[in-house]
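101 is the number that full-length UniProt numbering gives to position 101 of the sequence shown; each next residue is one higher, with no gaps. The beta carbon of each residue, even a glycine, is placed where N, CA and C say it ideally should be. Only one structure is covered here, and it is reproduced in the block below.
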Amino acid sequence: MISKTLVATFLFACIAYSSTLPADAPSKPSKKPYTPEFLSKCKRSDPKLNECIIKLINELRPQLAKGIPRLQVPRLEPLTIPKLLINRNLENLKIKANAENVTIWGCSGFVINSLNVDPDKLKLKMALTLPKLYGEFKADFDGKVLNFPIKGKGKFSGNMTNTKCNVEGDGTLVKQKEGEFLQLKTIKIKATPGEMSNIKYKSTSNSRQDDALIQTARTFFKENRKQLERMVTPIAEETAVEIVSQIVNNILKTVPFEDILKQTA
Numbered sequence: 001m002i003s004k005t006l007v008a009t010f011l012f013a014c015i016a017y018s019s020t021l022p023a024d025a026p027s028k029p030s031k032k033p034y035t036p037e038f039l040s041k042c043k044r045s046d047p048k049l050n051e052c053i054i055k056l057i058n059e060l061r062p063q064l065a066k067g068i069p070r071l072q073v074p075r076l077e078p079l080t081i082p083k084l085l086i087n088r089n090l091e092n093l094k095i096k097a098n099a100e101n102v103t104i105w106g107c108s109g110f111v112i113n114s115l116n117v118d119p120d121k122l123k124l125k126m127a128l129t130l131p132k133l134y135g136e137f138k139a140d141f142d143g144k145v146l147n148f149p150i151k152g153k154g155k156f157s158g159n160m161t162n163t164k165c166n167v168e169g170d171g172t173l174v175k176q177k178e179g180e181f182l183q184l185k186t187i188k189i190k191a192t193p194g195e196m197s198n199i200k201y202k203s204t205s206n207s208r209q210d211d212a213l214i215q216t217a218r219t220f221f222k223e224n225r226k227q228l229e230r231m232v233t234p235i236a237e238e239t240a241v242e243i244v245s246q247i248v249n250n251i252l253k254t255v256p257f258e259d260i261l262k263q264t265a
């Protein structure tokens, strides 16, 4: 069950990360603002603005899978995070985990269930589903869960199906020489984990003590599965917020606000 804990944590983080359409580490931004032609397809005055944006995103899905470097949007298929660190010191959960080469397949298959964009108030609400994800990564971890010690190092992989994610964001305008640029001020992410399956963990630790501890932990976590899921989900959401804020703001720096969802044709 310890493998499910870590797989869930990193998958949840990547789920919310993909919900705002960034991916692995972005390339260096262009010095000059870049406005792609497709941004002019939807107008702020359109009474069906939300439907237009959803249609546009679906049309861009192949490009999102491959990445749009000039907009700081690298590929979603697979989504790759070179390094991901988690350090939490809560009452029932104290853990330090270092993950490398976190790779998730299936992020480009997201389904937008609802979208509400308010360009005047700079607010966004979105609900989406990721039907099927597969992830793998290497990680070492050390800590305590429900006062039970966990420690190890190894390779993790697993599937997650029908995961739900709700995102709410508020923006603010920042003045630059090239004009005003939209930046995230606050963002809230609520993830509802899907069904996990085919979870695998292969230890790369040379410590027999660590391996024995993992075997004992699997039994312990199996008996406390529901409580553990409630503890892990908020941490994954917090981790995702940190990632999303940084990456999305890098994307928004590439296009002046006046060029995003223009008022009229």
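Can you list, in chain order, the residues of its chain with a C-beta nearer than 8 Å to that of Pro29? Leave out the 5 residues immediately preceding and following it.
Legend: pLDDT at Pro29 = 44, less than 50; position of this residue unreliable, value from coordinates given subsequently. The beta carbon of Pro29 sits closer than 8 Å to those of Gln72, Asn250, Lys253 and Thr254, all from its chain and outside the five residues before and after it, given in chain order.
I need the straight-line Cα distance from Lys48 to Arg61, nearest angstrom please.
Approximately 20 Å, taken between the alpha carbons.
Measuring alpha carbon to alpha carbon, tell me which residue in Asn58, Val248 and Ser45 is nearest Val167.
Closest in C-alpha terms to Val167, from the list Asn58, Val248 and Ser45, comes Val248.
Determine the closest residue to Ala240 out of Phe156, Ser203 and Ile187, with distance taken between C-alpha atoms.
If we check each option's Cα against that of Ala240, Ile187 comes out closest.
Could you check which residue in Lys177, Thr129, Asp142 and Met196 has the C-alpha nearest to that of Thr163?
If we check each option's Cα against that of Thr163, Thr129 comes out closest.
Less than 8 Å between the CB atoms is what I'm expecting for Phe257 and Glu180, so what's the real figure, rounded?
Under the criterion of beta carbons closer than 8 Å, Phe257 and Glu180 qualify as touching, at roughly 5 Å.
Thinking just about the alpha-carbon of each residue, which of Pro131, Gly152, Met231 and Gly169 is nearest to the one in Gly194?
Closest in C-alpha terms to Gly194, from the list Pro131, Gly152, Met231 and Gly169, comes Pro131.
When DSSP labels each residue in this structure, what does Pro256 get in the three-state scheme?
In the three-state reduction of the DSSP assignment, Pro256 falls in the coil class.
When Lys177, Phe38, Ala127 and Leu84 are compared against Ile235, the one with the closest alpha-carbon:
Ile235 has its Cα closest to that of Leu84, out of Lys177, Phe38, Ala127 and Leu84.
Verify whether the separation of the beta carbon atoms of Lys151 and Thr204 is less than 8 Å.
No Cβ-Cβ contact shorter than 8 Å links Lys151 with Thr204.
May I ask you to list the residues that DSSP assigns as paired with Glu168?
According to the DSSP secondary-structure assignment, Glu168 is paired through a beta bridge with Lys125 and Lys188.
Run of the beta strand (DSSP E) containing Leu56, from where it starts to where it stops:
Element bounds for Leu56: not the beta strand (DSSP E) but the alpha helix (DSSP H), Leu49 to Glu59.
Alpha carbon to alpha carbon, how far is Asp120 from Lys262? Give it in angstroms, no decimals.
So the two alpha carbons sit approximately 12 Å from each other.
Check the DSSP bridge columns for Asn113 and list the partner residues they point to.
In the DSSP output, where bridge partners are listed per residue, Asn113 has none listed.
Residues that Ile196 bridges to, as DSSP identifies them:
The sequence as given places Met at residue 196; Ile does not occur at that position. DSSP lists Met160 as partners of Met196.
State the Cα-Cα distance for the pair Thr103 and Leu56, rounded to the nearest angstrom.
If I take the Cα positions, the gap works out to 26 Å.
Does the Cβ-Cβ distance between Ala99 and Ala139 come in under 8 Å?
Yes.
According to DSSP, simplified to helix, strand and coil, what is Pro62?
DSSP places Pro62 in the helix class (H, G or I) of the three-state scheme.
In this structure, does DSSP put Ile247 in helix, strand or coil?
The answer is helix: DSSP assigns Ile247 an H, G or I state.
Can you tell me whether Gln246 is buried or exposed? The criterion is at least 16 other CB atoms within 10 Å of its CB, across all chains shown.
Under this definition Gln246 is an exposed residue.
Nearest to Val117 (by Cα), restricted to the options Leu184, Glu37 and Ile53:
Comparing Cα-Cα distances from Val117 to each of Leu184, Glu37 and Ile53, the minimum goes to Ile53.
Give the straight-line distance between the Cα atoms of Glu242 and Leu184, rounded to the nearest whole angstrom.
Roughly 11 Å between the two C-alpha positions.
Excluding the five sequence neighbours on either side, which residues of its own chain have a C-beta within less than 6 Å of the C-beta of Ser157, listed in chain order?
Once the five neighbours on either side are set aside, the close Cβ partners of Ser157 are Glu136 and Lys200.
Who does Leu93 pair with in a DSSP beta bridge?
Beta bridge pairing from DSSP links Leu93 with Val145.
Assuming Gly143 and Lys94 make a contact with CB atoms under 8 Å, what is their CB distance in whole Å?
In this structure Gly143 is in contact with Lys94, their Cβ atoms being roughly 5 Å apart against a cut-off of 8 Å.
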